[in-house]
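Taking the UniProt record's numbering, I'd label the letters of the sequence shown as residues 1 to 222.
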Amino acid sequence: MARRRDVDDIGLVEGELDTNDLEAAGCVVCALDARRPRLPTAPQVQLPALGAHVHWVTALVADAHTLLRENQELRAQYELVSAHNAGLAAHASVLHDRNLAILHRAREGYHAGIIRLEQALLSRERVERDYADLEGRVADFRARADRTEAAETLLRVERDSSAEQYRDLQAQLQAAQDQAADYAAKLARAAAAPPPSSAPLARLFAAQGERDDARAEPGGHR
């Protein structure tokens, strides 16, 4: 059985060790506690005879074979787990890339939705302004329609009044024409009759003039 290295390097002088030899050998522990140690007694080892069967060596060999098989099984499991982990890592990488792509599309969709929402709000504001403008125009049209209706009513009243005045004027014209015809007949009779005295004729014309004035006054004709 091999001894320690520091013991092998120590030089022996008459079966004893000297302090200087211990320091020269570099034994720090022995140098701090300088004393004269003695070599331990060599153990008594019973070596088996050549060719004899050693049970504990056989057991150690069997254990070594068992450990080797277990080590191979563990190595195979480790390789299988490593391959499975590599596949999971690749799948996780693919899923990560897909998640990034989905996140990118989601962000693009979100920004596009925000832009559409802003456009919809702007369109709504424009529609509300146009609706208010149309309401103002409708109110203006209604006011114009009311004024037009009032004008039409006034026109009908004026038309009825004008028709009545026209009928009155026609009646006055007819009366004037009758009077002119009467004058003409009287003139014709006067021209055919012998000339009368001037005084009765003057009275006749004066009376005729008074009747004409009475007819010319408003409401004086029949």
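We put the CB at the ideal spot given by N, CA and C, even for glycine.
This structure is a prediction, so every number in the text was calculated from the model and none was measured.
What did DSSP end up calling residue i once you bin it into helix, strand or coil?
| i | result |
| --- | --- |
| R211 | helix |
Please confirm whether any heavy atom of the ligand HEM lies closer than 7 Å to the CB of residue i.
| i | result |
| --- | --- |
| D140 | The ligand content of the structure shown is nil, which means the ligand HEM is not present either. |
Exposed or buried, which one is residue i when buried takes at least 16 other CB atoms within 10 Å?
| i | result |
| --- | --- |
| E210 | exposed |
| A34 | For A34, the pLDDT reaches just 46, beneath the cut-off of 50, and the residue's location in the model is therefore unreliable, leaving the point undetermined. |
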